[in-house]
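Participant: A single structure is presented below for examination.
Rendered as structure tokens:
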């Protein structure tokens with residue numbers, strides 16, 4: 847079972863920053879936090895991952911709290927094309943090969 | 091560069107028939123994974139290949155399901171004697187090295203399998 851907790855759904859206005867939270871209170875020291883998203887009828891798309899430092903790439907920023915028990919994915923200027931289900935995944939050390947997907951957060955970007 | 095390619099994109103078959111689903115990973119990726127997503131359900135892990143061997147087959151739901159990978163590249167997922175509950179989207183992913191925790195998996199768009 848996934849070891850993360852995310853809100854079921856969120857709304858955000860187009861052009862605003864979308865902040866998606868994730869709780870992973872049982873994370874271990876060498877487990878990574880990964881974020882993926884899935885747009886309807888497509889495969890999951892990798893967004894970003896991190897261990898303990900904040901990370902930024904061309905798609906998003908990942909903020910991980912100092913105790914590593916939670917994180918936030920930030921889409922800085924959301925567009926309608928960012929409407930998708932967003933998955934926060936902790937990649938286990940044991941059985942690290944498989945990703946365990948929970949239900950994710952359904953993010954709707956409104957015009 | 092080219093991403094993970096899966097074929098066919100859609101497959102409709104009758105109950106009891108065998109089906110083969112194909113995955114072409116990203117060039118140079120040594121790890122390959124199969125998942126499936128049933129209607130309204132989350133993604134479910136099926137099997138993981140590192141090179142041509144499969145260290146983790148724990149997600150295969152029954153002995154009707156098998157997969158192989160040859161030449162460290164293309165993989166085929168075979169479902170024998172298909173049942174209606176096999177209807178799902180079958181997704182393939184690849185990564186540079188499955189033994190590295192910090193290597194992301196990249197997914198194809200899947201094969202939508204419908205069993206009549």
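Protein chains in written order, with our numbering: chain A, 847 to 957; chain B, 91 to 206.
Glycine included, C-beta positions come from ideal geometry on N, C-alpha and C.
Is the segment 943-953 of chain A touching the segment 847-856 of chain A, taking contact as three or more C-beta pairs under 8 angstroms?
Facilitator: yes
Participant: Measuring only the C-alpha atoms, how far is residue 149(B) from residue 920(A)?
Facilitator: 32 angstroms
Participant: Answer yes or no: does any C-beta atom of chain A fall closer than 8 angstroms to that of residue 173(B)?
Facilitator: Residue 173(B) does not count as touching chain A.
Participant: What is the rounded straight-line gap between the Cα of residue 956(A) and the Cα of residue 928(A)?
Facilitator: Using only the alpha carbons, I get a separation of about 10 angstroms.
Participant: Can you tell me the Cα-Cα spacing of residue 180(B) and residue 115(B), whole angstroms?
Facilitator: 14 angstroms
Participant: Report back the beta-carbon spacing between residue 930(A) and residue 863(A) to the nearest angstrom; my notes put them in contact at under 8 angstroms.
Facilitator: Taking the Cβ atoms as the reference, residue 930(A) lies roughly 16 angstroms from residue 863(A), outside the contact range of under 8 angstroms.
Participant: Going by other Cβ atoms of all chains shown within 10 Å of its Cβ, with 16 needed for buried, is residue 176(B) buried or exposed?
Facilitator: buried
Participant: Would you mind reading off the limits of the beta strand (DSSP E) that contains residue 944(A)?
Facilitator: No beta strand (DSSP E) contains residue 944(A), which DSSP labels as neither H nor E.
Participant: Compute the distance between the beta-carbons of residue 138(B) and residue 188(B), then report whether it is under 8 angstroms.
Facilitator: yes
Participant: Are the C-beta atoms of residue 135(B) and some chain A residue less than 8 angstroms apart?
Facilitator: Closer than 8 angstroms: yes.
Participant: With a threshold of 8 angstroms between beta-carbons, can residue 876(A) be considered close to chain B, or not?
Facilitator: yes
Participant: Rounded to the nearest angstrom, what separates residue 858(A) and residue 882(A) at their Cα positions?
Facilitator: 18 angstroms
Participant: With residue 849(A) as the anchor, note down where its beta strand (DSSP E) starts and where it stops.
Facilitator: Per DSSP, residue 849(A) belongs to no beta strand (DSSP E) and is neither H nor E.
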